[in-house]
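Numbering (the numbering used here), first residue to last: 62 to 167.
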């Protein structure tokens with residue numbers, strides 16, 4: 062299986078330590094890199110269009126809400142940390158472009 066640009070050892074062949082390493086803060090599936098990939102996608106797609114950035118932000122929030130429903134409740138803390146970093150990056154970009162980040166879904 063391929064996961065985005067992940068080109069490491071197949072996930073089903075990882076040791077427990079190797080798997081935990083991938084979800085550490087600086088790991089490929091950790092908060093920092095996952096948030097960077099997601100925010101880069103939204104920001105890259107929207108470009109300088111503030112309304113598209115706001116829609117992308119809304120989609121991130123709705124996506125996490127849908128994941129909670131599918132999961133049957135709260136997600137792991139790493140998911141919320143990732144979401145927070147994604148939204149922060151999008152909000153910063155909206156603000157830099159002179160857009161309004163008030164009254165956006167959190």
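Each residue gets a CB set at the ideal place from its N, CA and C atoms; glycine is no exception. These numbers were taken from a predicted model, which means no experiment stands behind them.
Give me the Cα-Cα distance between residue i and residue j, rounded to the nearest whole angstrom.
| i | j | result |
| --- | --- | --- |
| residue 144 | residue 78 | 25 Å |
| residue 152 | residue 162 | 6 Å |
| residue 82 | residue 159 | 39 Å |
| residue 86 | residue 146 | 12 Å |
| residue 94 | residue 112 | 25 Å |
Determine the closest residue to residue i out of the options, with distance taken between C-alpha atoms.
| i | options | result |
| --- | --- | --- |
| residue 149 | 114, 138, 136 | 114 |
| residue 125 | 72, 80, 70, 96 | 96 |
| residue 99 | 121, 86, 87 | 121 |
My understanding is that residue i touches residue j, with C-beta atoms under 8 Å, so please give their C-beta distance in whole angstroms.
| i | j | result |
| --- | --- | --- |
| residue 127 | residue 135 | So it is not a contact: roughly 14 Å between Cβ atoms. |
| residue 142 | residue 92 | 5 Å |
Taking CB distances under 8 Å as the criterion, tell me whether residue i reaches chain D.
| i | result |
| --- | --- |
| residue 152 | Chain labels in this structure do not include chain D; a single protein chain is all it has. |
Of all the alpha helix (DSSP H) runs that stay within the bounds of the stretch 63-89, which reach a length of 4 or more residues?
Counting whole runs of 4 or more residues, the stretch 63-89 contains the alpha helix (DSSP H) stretches 77-84.
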